[in-house]
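>
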Amino acid sequence: MPTYEYRCNACGFRFEAFQSIKEDPVKTCPTCGKNEVERLISAGAGLLFKGSGFYITDYRSDSYQREAKKEKEAPLPQIDTKKTADKKSETKAAKLSGTGTT
Ligand SMILES: [Zn+2]
173 MPTYEYRCNA CGFRFEAFQS IKEDPVKTCP TCGKNEVERL ISAGAGLLFK
223 GSGFYITDYR SDSYQREAKK EKEAPLPQID TKKTADKKSE TKAAKLSGTG
273 TT
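Okay, structure coming up:
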């Protein structure tokens with residue numbers, strides 16, 4: 173079951189709720205009792221970028237735990253993005269200085 177994050181606009185209270193997708197979202201604040209509760213989308217969003225075969229809805233399931241463990245044991249090769257970025261800015265700088273001479 174996915175975890176939803178809620179925030180009460182009346183008192184600012186934040187909480188999480190385990191709910192099925194079919195269930196209605198929480199509307200009433202557990203602390204102040206007002207119907208000012210808003211569902212936040214932020215919960216677990218970063219997990220999308222971990223990618224590869226499992227979905228956000230089962231990120232706390234056993235399969236996710238196994239996948240996460242696997243990744244830790246055998247880390248993926250890292251792409252050196254910093255290097256390519258430096259190269260790009262270098263060529264850009266060279267071009268800029270070249271145009272100023274004539
Ligand atoms: Zn409240």
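Each step along the sequence shown adds one to the number in my numbering, with nothing skipped, and position 17 is 189.
Glycine residues also receive a C-beta, built at the ideal position from the N, C-alpha and C atoms.
Take residue 192 and list the residues in its own chain whose beta-carbon comes closer than 7 Å to its own, dropping the five residues that flank it on each side.
The answer, listed in chain order, is 173.
> Could you check where the beta strand (DSSP E) with residue 122 kicks off and where it finishes?
Absent from the structure is residue 122, since the part of the chain shown begins at 173 and ends at 274.
> So is the beta-carbon of residue 188 under 7 Å away from any non-hydrogen atom of ligand 1?
no
> According to DSSP, simplified to helix, strand and coil, what is residue 240?
helix
> Using only CA atoms, which one of 209, 250, 194, 182 lies nearest to residue 188?
209
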